[in-house]
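In the working numbering, the protein residues as written are 9 to 235.
Have a look at the structure below, then the notes.
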């Protein structure tokens, strides 16, 4: 697959929909939970895999995208990029912490490389949008590619340079390239939110269409059961 031939992924804008909770309640709208058949990994099992961290809008969407990629073993939604310790969803959603909604990706480097995960990251959101993805606005939805070592930083920066040299986007890439510090796992009801709540209005109208656009452009990257 030629990653540079992927067209610009414009997210649908729904004025009435947002990943941000209503001010009257910390938790967002929840639909009937759906039973999930999913392999549960212990902390010890996950230690055998590599980790990668990204932020590209609502973590419900981003988690589902990376979960569909072959070689990815587990993905957690959470918060990173700020200084507040142990932030809550409400604090992050209202821009009180400096954190962005982010994901922690556990992957097998023998099945998927960090470079490929970076391609997934850039190919599944708008990296030219400042503090916004789709209907979600605010610094908590900014685009961040985190790196844990110099090699990962080089991969990210080289890929950005390649995208810019090929004029893949008609606006400058504004993705922040940030050294990873700490990831705070989000509240349990956020984990696997898209899978468990397929009838949630945001999931139906924003998250699932975004996932399907990604799948259409990255078919060779998908797990067998994700097609």
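Don't be surprised by glycine CBs; every beta carbon is placed ideally from N, CA and C.
What first and last residue would you give for the alpha helix (DSSP H) that runs through residue i?
i	result
residue 59	That residue, residue 59, is in no alpha helix (DSSP H); its beta strand (DSSP E) goes 58–64.
residue 224	216–225
residue 232	No alpha helix (DSSP H) holds residue 232; DSSP gives it neither H nor E.
residue 131	122–131
residue 166	158–173
residue 48	Premise fails: residue 48 is in no alpha helix (DSSP H) and is neither H nor E.
Per DSSP, what kind of secondary structure is residue i in: helix, strand or coil?
i	result
residue 79	coil
residue 200	coil
residue 146	coil
residue 192	strand
residue 140	strand
residue 177	coil
Would you give the residue range spanned by the beta strand (DSSP E) that residue i belongs to?
i	result
residue 100	Run containing residue 100: none in the beta strand (DSSP E); it sits in the alpha helix (DSSP H), 97–101.
residue 114	108–115
residue 186	184–187
residue 152	151–155
Establish whether the CB of residue i and some CB of chain C are separated by less than 8 angstroms.
i	result
residue 121	The chain inventory of the structure shown lacks chain C, comprising one protein chain alone.
Checking 8 angstroms against the spacing of the C-beta atoms, do residue i and residue j come in under that value?
i	j	result
residue 194	residue 102	no
residue 79	residue 116	yes
residue 160	residue 122	yes
residue 69	residue 218	yes
residue 76	residue 231	yes
residue 49	residue 82	yes
residue 135	residue 185	no
residue 132	residue 168	no
residue 114	residue 170	no
residue 126	residue 163	yes
residue 87	residue 111	no
residue 92	residue 99	yes
residue 124	residue 197	no
residue 188	residue 156	yes
Following a CB-centred definition, is residue i positioned closer than 7 angstroms to any heavy atom of the ligand FAD?
i	result
residue 229	Within the structure as shown, the ligand FAD is missing, as the structure has no ligands at all.
Quick check: the region 146–166 against the region 60–76, are there 3 or more CB pairs under 8 angstroms?
yes
Any contact between the region 142–149 and the region 104–114? By contact I mean 3 or more CB pairs, one from each, below 8 angstroms.
yes
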